[in-house]
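Working notes for the structure below.
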Amino acid sequence: MPIESESFKNAIVEAFSLAKWYAQEHVLLCLVPAFFIAGVITVFVSQNSVIKYLGARAERWIAYLVASVSGTILAVCSCTVLPLFSGIHKRGAGLGPAIAFLYSGPAINILAIILTANVLGLELGIARIIGAVSFSAVIGVIMSFIYREEEKERAEAQLSLPEPEETKPIWQTAFHFFILVAILVLANWGKPDTTEGFWFWMSSNNKGEANEWLGESWGFAKQIMPLLGAGVLVAGFLLGTPEGGNGIIPNEWIANLVGGNSLFSNFFASITGAFMYFATLTEIPILQGLLSSGMGKGPALA
């Protein structure tokens with residue numbers, strides 16, 4: 006039986022070793038703050054403030070720029086981006102900007118960027134942002150050109166619709182963001198005796214929004230942590246640990262197929278990646294295992 010083999014037993018040990026290392030190095034100092042930041046974004050950044058820049062009224066370059074980077078603001082994953090893409094397109098966003106949002110949204114999710122830079126290195130984190138934003142704009146322009154006649158009719162119809170109303174000015178959203186992060190740091194402070202001043206204002210902040218913020222943060226954690234944990238275990242079992250432990254797949258196989266940065270390695274990684282589905286953030290521990298097994302940085306980014 007395969008389960009009796011030494012390589013299988015070693016792969017099981019490596020899976021739990023990687024899970025232990027991941028929890029110690031990245032969960033508390035990286036993921037937990039990222040969950041709270043994503044919760045702040047979800048509660049305090051109005052989707053209307055993003056969507057209204059993607060339609061026919063917006064300048065073309067502004068629409069593509071906003072669409073390419075709004076995945077960070079909306080904190081979308083590869084699953085939630087699909088209904089959002091459908092929603093903004095039906096609401097009147099051009100096909101080009103909507104496609105740009107669909108492509109770049111999950112790749113520049115704030116959780117994914119923080120974890121990529123923390124686990125795989127700042128170099129790959131920056132490359133992920135630049136690659137996702139630039140390629141999403143190019144793909145969006147191509148799709149808009151292919152369906153230019155249909156988009157022309159939609160744009161004319163959209164101009165007759167009223168503009169979405171913004172409920173909060175941008176300065177208030179930004180101010181809320183930084184204040185709530187400060188409140189998170191000072192959460193254990195007692196309520197001051199005075200009834201005026203900055204510290205009293207901080208302690209008496211809108212409790213409804215604060216509770217909603219915590220609820221959204223907990224929602225992100227419940228949605229992502231089980232999938233991420235499973236992805237770490239699978240990555241450890243198949244590919245081993247960054248310390249050099251071997252998984253069930255020999256490192257030589259990885260190095261031969263996607264080692265270095267050759268054209269074949271990048272092409273092979275792109276094609277195989279297109280047929281795979283990874284739950285939110287699980288691609289990062291899997292890539293970490295592949296990199297430690299000999300995968301080049303070019304194929305990893307592809």
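All residue numbers in the sequence shown are consecutive under our numbering, ending with 307.
We put the beta carbon where it would ideally sit given N, CA and C, even for glycine.
Quick one: give me the first and last residue of the alpha helix (DSSP H) that residue i is part of.
i: Pro290; result: 288-297
i: Ile113; result: Unbroken run through Ile113: none, as it is neither H nor E.
i: Ala305; result: 302-306
What residue from the options has the CA that sits closest to residue i's CA?
i: Glu155; options: Gly101, Ala105, Asn114, Trp66; result: Gly101
i: Gly299; options: Ile131, Pro255, Ile276, Leu268; result: Pro255
i: Leu238; options: Ser12, Ser10, Ala24, Val146; result: Ala24
i: Leu268; options: Gln293, Ala305, Ile291, Leu296; result: Ala305
i: Ile291; options: Ala68, Val124, Phe106, Ile67; result: Val124
i: Leu107; options: Gly294, Ser10, Ala72, Phe242; result: Ala72
i: Phe242; options: Ile104, Ala226, Gly294, Ile259; result: Gly294
i: Leu296; options: Thr277, Phe273, Ile276, Ile259; result: Ile259
i: Lys157; options: Thr77, Glu257, Gly76, Ala98; result: Ala98
i: Ala103; options: Ile144, Ile115, Phe90; result: Phe90
i: His94; options: Ala68, Ser139, Ile115; result: Ala68
i: Ala105; options: Glu221, Ile147, Gly126; result: Ile147
i: Gly308; options: Ile115, Gly126, Leu70, Pro111; result: This structure does not reach residue 308, given that the chain is present from 6 up to 307, and the question cannot be answered.
i: Phe150; options: Asn216, Leu120, Arg65; result: Arg65
i: Gly303; options: Glu128, Tyr152, Glu19, Ser10; result: Glu128
i: Leu116; options: Asn261, Lys14, Ala274, Ser222; result: Ser222
i: Ala240; options: Ile134, Thr77, Phe21; result: Phe21
Indicate the three-state DSSP secondary structure (helix, strand or coil) for residue i in the structure shown.
i: Gly145; result: helix
i: Gly264; result: strand
i: Ala132; result: helix
i: Ala68; result: helix
i: Ala235; result: helix
i: Gly252; result: coil
i: Ala98; result: coil
i: Ser73; result: helix
i: Leu125; result: coil
i: Ser10; result: coil
i: Trp206; result: Reliability of the predicted coordinates at Trp206 is poor, the pLDDT of 48 falling under 50, and the value obtained from them is presented with this limitation in mind. Helix.
i: Ala192; result: Bear in mind that a pLDDT of 41 at Ala192, under 50, signals an unreliable position, so the model cannot answer this.
i: Ala16; result: helix
Residue i and residue j look like a contact to me (Cβ under 8 Å); what is the Cβ gap, rounded to whole Å?
i: Val74; j: Ile113; result: 7 Å
i: Ala16; j: Ile229; result: In fact, because the Cβ distance is near 25 Å, the residues do not count as touching under 8 Å.
i: Asn271; j: Ala307; result: 5 Å
i: Ala122; j: Gly130; result: 3 Å
i: Val263; j: Gly301; result: 6 Å
i: Ala137; j: Ser109; result: 4 Å
i: Leu120; j: Ile289; result: 5 Å
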